[in-house]
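Each remark here refers to the structure printed beneath this line.
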Amino acid sequence: AMYRVKERGKNDYAFAYGEHQTIAYNSLAGMRDALAAGQFLLHYQPLMDTQLDRPVGFEALPRWRPDGGRLLLPDQFISIAEANGFIEPLTDWVLRSGCAQIHEWNSAWNAALRLHVNVSIRQLGRSRTANRLLNVLEEESFPPSLLTLEINETDLLHDLEQAARLLQELYEAGVRIAVDDFGSGYSPFGFLRRYPVHSIKLDPCLIRNIGSVRDSQLVTAITRLAEQLELDVVAEGVETAEQRKALPGLGCRIMQGYLFGMPKQAESISDEYGAI
Ligand code: C2E
Ligand code: MG
Ligand code: MG
Ligand code: MG
Numbered sequence: 011a012m013y014r015v016k017e018r019g020k021n022d023y024a025f026a027y028g029e030h031q032t033i034a035y036n037s038l039a040g041m042r043d044a045l046a047a048g049q050f051l052l053h054y055q056p057l058m059d060t061q062l063d064r065p066v067g068f069e070a071l072p073r074w075r076p077d078g079g080r081l082l083l084p085d086q087f088i089s090i091a092e093a094n095g096f097i098e099p100l101t102d103w104v105l106r107s108g109c110a111q112i113h114e115w116n117s118a119w120n121a122a123l124r125l126h127v128n129v130s131i132r133q134l135g136r137s138r139t140a141n142r143l144l145n146v147l148e149e150e151s152f153p154p155s156l157l158t159l160e161i162n163e164t165d166l167l168h169d170l171e172q173a174a175r176l177l178q179e180l181y182e183a184g185v186r187i188a189v190d191d192f193g194s195g196y197s198p199f200g201f202l203r204r205y206p207v208h209s210i211k212l213d214p215c216l217i218r219n220i221g222s223v224r225d226s227q228l229v230t231a232i233t234r235l236a237e238q239l240e241l242d243v244v245a246e247g248v249e250t251a252e253q254r255k256a257l258p259g260l261g262c263r264i265m266q267g268y269l270f271g272m273p274k275q276a277e278s279i280s281d282e283y284g285a286i
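In case it helps, our numbering puts the sequence shown at residues 11 to 286.
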């Protein structure tokens, strides 16, 4: 059934996507096959230290190119994967491939780049998740301290006890925890009290109008809070030179966004940075 999309031709994008969502919805097997068939790719986007003008790490972001179809972004398949159980093999694959790639760059460039991987709290709600992730690190001989798990702020409201236990376990193993999309949810303080956290990623909504008095005050207040709590801060969704210029004065020098590069496949990253 997966391949009917291809037969319809690749100009029928909207239809192919709608069709795909329905097909994929109940189909763990279909998505597993797609992964085995090499239809999933990993793109990497740099987190830049703007003072040193070099990447400190890369966020690994999966994409899915169904046979003959267009590239699907995480928003189009992560919730499906969460519903049908594919999220676990997918995350294992993202982590395994990301570890191998970062390891290769770190060796080639004698660097200590970090790998950033997104994990949903629903996964952390499963008791085997911490072990699963740590097993992959061990199999890949990847230092836990170079891995950052990015967890969505709004996600963090669910499943408090189980998530707290698992995050604690990962924390004790040396894995770093980032709060993703910080400032987009309701309760930025609840999880800072409950969970071990190393860094926060400022949501693009805080960066978009950074020239406005209100938003620059907010970002300054957050970076001061982060300093008090000894958390690193990353600004996400930096798209303009003005944003890039304003942020260091507000206490944030690590940035990620289209201004520095879109998520790209590993070969392009290797070409672009050559040596770090
Ligand atoms: P996120 O973790 O906040 O990732 C950043 C998203 O913003 C990425 O979209 C990236 O391509 C996009 N982005 C980066 N710079 C800019 C910019 O300057 N402007 C704009 N407009 N966008 C920018 P992507 O890859 O489509 O991922 C979307 C979301 O899907 C992620 O947001 C994350 O919450 C989720 N996600 C991605 N990969 C995974 C995964 O492996 N597992 C889970 N559970 N969730 C994932
Ligand atoms: Mg993220
Ligand atoms: Mg984010
Ligand atoms: Mg996001």
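Glycine is no exception: its CB is placed at the ideal position from the N, C-alpha and C atoms.
Scanning the stretch 227-269 from its first residue to its last, the whole beta strand (DSSP E) runs of 3-plus residues come out as 242-245. Within the stretch 140-199, the complete alpha helix (DSSP H) segments of 4 residues or longer fall at 170-182, listed in chain order. If you draw a straight line from the Cα of residue 162 to the Cα of residue 117, it comes to about 31 Å. Taken from the Cβ of residue 54, every heavy atom of ligand 1 lies 8 Å or farther away.
Straight across, the Cα-Cα distance linking residue 134 with residue 212 is about 22 Å.
Secondary structure at residue 208: coil, using DSSP grouped into helix, strand and coil. Rounded to whole angstroms, the gap between the alpha carbons of residue 172 and residue 284 is 42 Å. Under the Cβ criterion (8 Å, minimum of three pairs), the stretch 111-127 does not count as touching the stretch 73-82. Rounded to the nearest whole angstrom, the C-alpha separation of residue 176 and residue 126 is 18 Å. If you look at residue 52, you'll find it in the beta strand (DSSP E) that goes 50-59.
For residue 105, the enclosing alpha helix (DSSP H) starts and ends at 97-119. In this structure the stretch 98-112 does not touch the stretch 182-194; the number of beta carbon pairs closer than 8 Å is below three. Closer than 8 Å to some heavy atom of ligand 1: that does not describe the Cβ of residue 237. In the structure shown, residue 223 falls within a helical segment according to DSSP collapsed to helix, strand and coil. Counting of Cβ neighbours within 10 angstroms places residue 223 among the exposed residues, the total staying below 16.
Proximity to residue 210 across 39, 282, 244 peaks at 244, based on C-alpha coordinates.
Under the DSSP assignment, residue 216 falls in the alpha helix (DSSP H) whose first and last residues are 214-217. For ligand 2, a non-hydrogen atom lies closer than 8 Å to the CB of residue 69. Remark: the shortest separation between the CB of residue 94 and any heavy atom of ligand 1 does not fall under 8 Å. Pairing residue 270 with residue 58 gives a Cβ-Cβ distance under 9 Å. With contacts defined by Cβ atoms closer than 9 Å, residue 261 and residue 218 do not form a contacting pair. Here residue 203 is actually not in contact with residue 174; their C-beta atoms are around 10 Å apart, not less than 8 Å. For residue 135, the secondary structure class from DSSP, reduced to helix, strand or coil, is coil.
For residue 241, the closest alpha carbon among the candidates 250, 257, 206, 249 is that of 206. A straight line joining the alpha-carbon of residue 150 with that of residue 73 spans about 22 Å. The C-alpha of residue 267 lies about 23 Å from the C-alpha of residue 89. In the DSSP assignment, residue 70 falls within the unbroken beta strand (DSSP E) covering 64-74.
Distance from the CA of residue 178 to the CA of residue 184, rounded to the nearest whole angstrom, comes to 10 Å.
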